[in-house]
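Written out below as structure tokens is the structure these notes cover.
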Amino acid sequence: YLDESGDLGFSPRSSRHIVVAALATTDDRSVERAVKAARMLLRSEGGSMVEMKFRNSSGRVRTRLLEELSRRGPRISWCGLDKRSLPSLSKDDREQLIDIMSADVVSHICGAWPTKSIAIVLDRRWTKEKRREEFDARIRGSVSLRHAGYFAPALRVSHFDSAGRAGLQAADFVAGAIFRSLERGDESYLRIIENCIVHGRLMRE
């Protein structure tokens, strides 16, 4: 599951960083149970979000979901960018940057985890089919170069509405925890999942 946190803007109100994170698991149900446990806590607090988001959740809900994930042992890969070292980019350049960061985190998951097949799920952020195809092609190229084992895994890339996918909501919390550590220097949430991280790096240029 692939998600991002932060924005690609360069205005004074934009975030200083952007993060792309991958949450990899061999057991979808374990991730669903982690999200369900956090949702139960949310309801006990009187909340009723259709789609759980890190930025809109209380500290207790964030901690609960991340703890539930951590004890189930998924693998996490992330790539962050400090935008202060970059000039203002065009819209096309910003989109290419997301592609590069996404390919980086996915390739490190594949490089550390030998497998015959992998399904990549991400939020449906592009309406144009051509743009989705460009993204998919970059991911496929990166995996083919950095996979573990003799043969590249069979790869399927799916674009879904995150409101209906627990895995994407879990990935949002992972990306949010990493983003908060970079943007605000608050590592409290990141420490909960640090045992699951197989790759993480901050790009500065």
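For the sequence shown, the tail end lands on 1300 under our numbering, and the numbers increase by one without skipping.
The C-beta atom is built at its ideal place from N, Cα and C for all residues, glycine as well.
Leaving aside the five residues before and after residue 1248 along the sequence, list all residues of the same chain whose C-beta is less than 8 Å from its C-beta, in chain order. Cβ within range, chain order: 1205, 1210, 1211, 1212, 1213, 1238 and 1242.
Coarse secondary structure for residue 1236, derived from DSSP in three states: Reduced to three states, the DSSP call for residue 1236 is helix.
Would you list the one or two residues that DSSP bridges to residue 1294? Beta-bridge partners assigned by DSSP to residue 1294: 1172.
With distances taken between CB atoms, is the gap from residue 1265 to residue 1126 smaller than 7 Å? The answer is yes: Cβ separation under 7 Å.
Give the range of the alpha helix (DSSP H) segment to which residue 1274 is assigned. Following the DSSP letters along the chain, one finds residue 1274 inside the alpha helix (DSSP H) bounded by residues 1261-1278.
Could you check which residue in 1293, 1111, 1133 and 1174 has the C-alpha nearest to that of residue 1164? It is 1133 whose Cα lies nearest to the Cα of residue 1164.
Checking the sheet assignment: what are the DSSP bridge partners for residue 1101? DSSP, once it has assigned bridges, lists 1113 as partnering residue 1101.
Could you have a look at residue 1254 and say whether DSSP puts it in helix, strand or coil? In this structure, residue 1254 counts as strand in the three-state DSSP scheme.
On the three-state DSSP scale, how would you describe residue 1247? The three-state reading of DSSP puts residue 1247 in coil, since its state is none of H, G, I, E or B.
Continuous alpha helix (DSSP H) assignments of at least 4 residues falling wholly in the stretch 1179-1234: Taken in chain order, the complete alpha helix (DSSP H) segments of 4 or more residues contained in the stretch 1179-1234 are 1186-1207.
From residue 1218 to residue 1117, what distance separates their C-alpha atoms? Taking the straight line joining both Cα atoms gives about 12 Å.
Terminal residues of the alpha helix (DSSP H) in which residue 1135 lies: Here the alpha helix (DSSP H) through residue 1135 covers 1123-1139.
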